[in-house]
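Quick note, the sequences are listed as chains A and B, same order.
Last residue of the first sequence: 361 in this note's numbering, with the numbers rising by one and none dropped.
Last residue of the second sequence: 361 in this note's numbering, with the numbers rising by one and none dropped.
Idealized CB from N, CA, C, for every residue including glycine.
What follows is a short report on a single structure.
Protein chains: 2
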Amino acid sequence: MHVLRKPYLLYLGDAVLKTDCKTAFGLRDWCRGDVLGEWSHPQGRVTLGLPRMSPQEAAAGGAGSIVIGVAPTGGQLPEHWQDDLEAALEAGLDVVSGLHTRLAAFARLRAAAERRGVRLIDVRHPTREFPVASGRKRSGKRVLTVGTDCALGKKYTALALTRALETLGEAATFRATGQTGILIAGSGIAMDALVADFVAGAAEMLSPDNQPDHWDVIEGQGSLFHPAYAAVTLGLLHGSQPDAIVLCHDPTRRTIEEYPDYPIPALAVAIDAYLRAGRLTNKAIRCVGISINSSELAETEWQAYRIGLERELTLPVCDPLRGGVALLAGALRDL
Amino acid sequence: MHVLRKPYLLYLGDAVLKTDCKTAFGLRDWCRGDVLGEWSHPQGRVTLGLPRMSPQEAAAGGAGSIVIGVAPTGGQLPEHWQDDLEAALEAGLDVVSGLHTRLAAFARLRAAAERRGVRLIDVRHPTREFPVASGRKRSGKRVLTVGTDCALGKKYTALALTRALETLGEAATFRATGQTGILIAGSGIAMDALVADFVAGAAEMLSPDNQPDHWDVIEGQGSLFHPAYAAVTLGLLHGSQPDAIVLCHDPTRRTIEEYPDYPIPALAVAIDAYLRAGRLTNKAIRCVGISINSSELAETEWQAYRIGLERELTLPVCDPLRGGVALLAGALRDL
Numbered sequence: 027m028h029v030l031r032k033p034y035l036l037y038l039g040d041a042v043l044k045t046d047c048k049t050a051f052g053l054r055d056w057c058r059g060d061v062l063g064e065w066s067h068p069q070g071r072v073t074l075g076l077p078r079m080s081p082q083e084a085a086a087g088g089a090g091s092i093v094i095g096v097a098p099t100g101g102q103l104p105e106h107w108q109d110d111l112e113a114a115l116e117a118g119l120d121v122v123s124g125l126h127t128r129l130a131a132f133a134r135l136r137a138a139a140e141r142r143g144v145r146l147i148d149v150r151h152p153t154r155e156f157p158v159a160s161g162r163k164r165s166g167k168r169v170l171t172v173g174t175d176c177a178l179g180k181k182y183t184a185l186a187l188t189r190a191l192e193t194l195g196e197a198a199t200f201r202a203t204g205q206t207g208i209l210i211a212g213s214g215i216a217m218d219a220l221v222a223d224f225v226a227g228a229a230e231m232l233s234p235d236n237q238p239d240h241w242d243v244i245e246g247q248g249s250l251f252h253p254a255y256a257a258v259t260l261g262l263l264h265g266s267q268p269d270a271i272v273l274c275h276d277p278t279r280r281t282i283e284e285y286p287d288y289p290i291p292a293l294a295v296a297i298d299a300y301l302r303a304g305r306l307t308n309k310a311i312r313c314v315g316i317s318i319n320s321s322e323l324a325e326t327e328w329q330a331y332r333i334g335l336e337r338e339l340t341l342p343v344c345d346p347l348r349g350g351v352a353l354l355a356g357a358l359r360d361l
Numbered sequence: 027m028h029v030l031r032k033p034y035l036l037y038l039g040d041a042v043l044k045t046d047c048k049t050a051f052g053l054r055d056w057c058r059g060d061v062l063g064e065w066s067h068p069q070g071r072v073t074l075g076l077p078r079m080s081p082q083e084a085a086a087g088g089a090g091s092i093v094i095g096v097a098p099t100g101g102q103l104p105e106h107w108q109d110d111l112e113a114a115l116e117a118g119l120d121v122v123s124g125l126h127t128r129l130a131a132f133a134r135l136r137a138a139a140e141r142r143g144v145r146l147i148d149v150r151h152p153t154r155e156f157p158v159a160s161g162r163k164r165s166g167k168r169v170l171t172v173g174t175d176c177a178l179g180k181k182y183t184a185l186a187l188t189r190a191l192e193t194l195g196e197a198a199t200f201r202a203t204g205q206t207g208i209l210i211a212g213s214g215i216a217m218d219a220l221v222a223d224f225v226a227g228a229a230e231m232l233s234p235d236n237q238p239d240h241w242d243v244i245e246g247q248g249s250l251f252h253p254a255y256a257a258v259t260l261g262l263l264h265g266s267q268p269d270a271i272v273l274c275h276d277p278t279r280r281t282i283e284e285y286p287d288y289p290i291p292a293l294a295v296a297i298d299a300y301l302r303a304g305r306l307t308n309k310a311i312r313c314v315g316i317s318i319n320s321s322e323l324a325e326t327e328w329q330a331y332r333i334g335l336e337r338e339l340t341l342p343v344c345d346p347l348r349g350g351v352a353l354l355a356g357a358l359r360d361l
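Written out as C-alpha cells, the structure reads:
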C-alpha cells in the first residue's frame, strides 16, 4: 500500500497542452486542500491557477511531496525535468509519479533521494507482496463502483459518493485502486499492477475492518464485460466484499472502447452479472443505483434518458456532474 | 512462454520421501518418452525406477535439461544439490526448476550457466511481458478444464483428454498453464504468476490460431468459486475462448479447500456460471461433460454417483483414473 506525504506541490514540466496535465487538474479539483501550489519549467505554458512556488518555497511551507502531474512523451523524463525533480529532492520533498517508467531508473534521482533520505514513489507499481485473500467477512460497510466498460466514471463516481455520504453525516473513506485515485487519496493500491493471484487479497487489505457504520467507497477497475481486464474487476469485486454496487455507464458507448466486436451489455444484464459474481463473498450485495456519464447528451435528452432508466430499473439514476449523487448516497444510508 | 529442451534427466536430490518427489513422478508418468533417466545425491533414498545416469552420461545420451523433481525444504537449494546442478550445467544441460526461489539467485549456478552458455529456467516465473488481450476470435478448436475448486484434477483431466483425442485420431495439443504442466508439455505459461491485466492476453498467446480441426486442450487454473483465485480463472477463461469446457469436481469436498465458509457449488450452478462468463469471448461455448476425482469412493458408490449425475445433468461423467475420458473426447469430436 502506498502512503503519500501531503500536502503536494504539483509539477507541470514544460507542458504546452492542458490535456497532458490531466493528473494535475484532477488533483487540483479533487484534493485542493492538499495542494500548496504548482511549479513548472520556464518553457511551460500550462497553469492550474494555483500559487506558483519553487520546491524550496513549498518545502518551507510544509509540502511533503512534489507530484508529477504531467505525462511526458514516451514515458522518459527529459533531462531538464530531472533537474527540477532533483532540486525538489534536495529540498526534502518526496517525488511521486504515476508513470510507467520507475523513478529509480534515473540514477540522478536515485542518488539524490538516498542522499537526502527522501522517497521516490511510483504509485503505479506495487510496494510489496500481498497475501492471498482470506475470504473472511470484515466489519464496516462497503460500496464498489463497477462499470459496463473502462474509463466512464468509476473513480469520479466513487469520489463524488464519498463527499455526498459525508454531506449526509456518514463516515466515509474513498479507497483508491488506480494511480490517479491514489494521488488524490494519498494512499491506495494500483490493482492492475498486481500478480493475478493476489488481487483479491490486496482488495481485502485496502478496506480493512472498520466501524459498523463506516462506508468504504472503493474505486472500481475495468469491467466484467471487458475481454482483457475482467480478471482485475473480478478479483477486486471478490476482495472488496461490497454490500452495495453502483453501476457506471456511458449511454453513447455502443461497444467496449477499442473492442468493436464487444457490445456494451444492457444495464439489467450488467447488474445481474455483478451481483451474481459478488454474491460469492457477500450474499447481501445489492445494486443501489446507476451513475451515468451524460456529457454527450443535451439536457432534454439526459432528462428523458434518466427518467426512462429509473422507471425501467426501479433504481435511482444520477450523473455526478449533473445534479450530483445525493440520491445514491441516500440509498446507501438507508440500506 | 517457456520452451524447454527435452529429453530430461530428473533430479531427486537427497530425498527420502516419495511425496517430496511428486513432480518427478508426474513427469515419469506423463512424459515417459521425454525422460532419459534419473539422478540423485548419494544420500538420496527415492527412485523412480528409471535408468540412473550422471549429468555427463545424460548429456552424452542427448538430454537437453536436468529438471529438479523434488521440493527442497523452505525453497532453498542445499549446497550439495548446487554441486550436482553445477555439474549438470558444466555438462551442457539447462537446469529447469518449478521452485519459488529463482535459480539465478544462486551465484554459483548463474556463473556456471553463463560460462557454458546454457540456461537456468524457472517455469513458475514469466519470461516476458504479455500483450493485453485482443478478444479476436482465433481459428482451431479449444477445450478448457474448469473446476468447482482448486487441486481436484484439472491438469490430469486435460492431459488424459489430449491422449483420448489423439486415440480417436484427432489432432490435439495439451496447453500448460501451471508449473508441472509446463514441465510435462515442455512449454507453457504459468498463469498465476502474471500481472492481472495480462492474464487473458497470455492465454490468447498460449493457444494461437490453428488448423480448423485441431484441439487445444487447455489446463484450467483455480475456480470461479474460489474467493482468492477467481481472477486468474476468469482471465484464463476469457483469453482461451473455449468452444467447450469440462467441469472437474471432487464429490467428497464440501467446501473450498482451506475456506470452510465457502461451500462447493452444485454442479449445475457451476456449469451455468462458467458458461455465462465464457460467452463473453465465445458465444458457442458449451459444457461437454464432467470429470470426477472419485478416489475417495468405493466402486459401487462411484457407479451409483456417476449414473445419478449423468441422469441429472444429461452429460457424460468420467473419472480419468477409472475408465478414462473416452466419452468426453467423443463428445468433443462430435461437437
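Residues that residue i contacts on chain B, provided the C-beta gap is smaller than 9 Å
i	result
A/T153	In chain order: nothing, as chain B lies at least about 15 Å away.
Chain A contact residues for residue i, given Cβ-Cβ distances below 7 Å
i	result
B/G227	A254
Identified DSSP bridge partners for residue i
i	result
B/C167	Contrary to the premise, residue 167 of chain B reads as Lys rather than Cys in this sequence. B/W241.
A/D345	A/R348, A/G349
B/E64	B/L36, B/R78
A/V409	Outside the shown range of chain A, which is 27 to 361, sits residue 409 of chain A, and nothing can be said about it.
B/D120	B/S91
B/I316	B/L273, B/V343
Partners in chain A for residue i, counting only beta-carbon separations shorter than 9 Å
i	result
B/A219	V221, A222, D223
B/A296	Those do not exist, as B/A296 stays about 12 Å from chain A at its closest Cβ, beyond 9 Å.
Contact list for residue i against chain B, beta-carbon separation under 7 Å
i	result
A/L170	Neighbours of A/L170 on chain B: none; closest Cβ ~15 Å, over 7 Å.
A/T307	P253
Chain A contact residues for residue i, given Cβ-Cβ distances below 8 Å
i	result
B/V93	Under the 8 Å cutoff, chain A gives no residues; its nearest Cβ is about 24 Å from B/V93.
Chain-ordered neighbours of residue i on chain B, where CB pairs are closer than 8 Å
i	result
A/H258	The question names His, but residue 258 of chain A is Val in the sequence shown. Chain B residues near A/V258: A222, D223, A257.
Any chain E beta carbon closer than 9 Å to residue i
i	result
A/R348	Chain labels in this structure do not include chain E; the protein chains are A and B.
Given 8 Å, three or more beta-carbon pairs between the region 263-277 of chain A and the region 302-311 of chain A
yes
Check distances from the C-beta atoms of the region 260-291 of chain A to those of chain B and list, in chain order, the residues that come in under 7 Å.
L260, G261, H264, Y285, D287, Y288
Taking the runs of the beta strand (DSSP E) that are 3 residues or longer, which of them lie wholly in the region 133-206 of chain A?
146-148, 167-173, 198-201
Residues of the region 154-165 of chain B with Cβ closer than 7 Å to any Cβ of chain A, in chain order:
V158, A159, G161
Sufficient close CB pairs (3 or more, under 8 Å) joining the region 186-198 of chain B to the region 34-47 of chain B
no
Runs of alpha helix (DSSP H) lying entirely within the region 216-297 of chain B, each at least 4 residues, in chain order:
225-232, 256-266
Taking one C-beta from the region 38-48 of chain A and one from the region 84-104 of chain A each time, how about it: are there three or more such pairs within less than 8 Å?
yes
I'd like the ranges of any beta strand (DSSP E) spanning at least 3 consecutive residues and lying wholly in the region 66-90 of chain A.
none
Taking contact to mean at least 3 C-beta pairs separated by less than 8 Å, is the region 249-260 of chain A in contact with the region 216-228 of chain B?
yes
Contacting positions in the region 136-148 of chain A - beta carbon closer than 8 Å to chain B
none
Touching or not, the region 133-144 of chain A and the region 193-207 of chain A, by the rule of three or more beta carbon pairs under 8 Å?
no
Check whether the region 202-211 of chain B touches the region 337-356 of chain A, counting contact only when three or more Cβ pairs, one atom from each stretch, lie closer than 8 Å.
no
Taking three-plus beta-carbon pairs below 8 Å as touching, is the region 336-344 of chain B in contact with the region 313-322 of chain B?
yes
Decide yes or no for the touch test of the region 238-248 of chain B against the region 237-245 of chain A: beta carbon pairs closer than 8 Å, at least 3 of them.
no
Taking one C-beta from the region 276-288 of chain B and one from the region 158-178 of chain B each time, how about it: are there three or more such pairs within less than 8 Å?
yes
Just checking, does the region 282-291 of chain B make contact with the region 316-334 of chain B on the three C-beta pairs under 8 Å criterion?
no
For the structure I just gave you, are there three or more beta carbon pairs, one from the region 147-167 of chain A and one from the region 117-127 of chain A, closer than 8 Å?
yes
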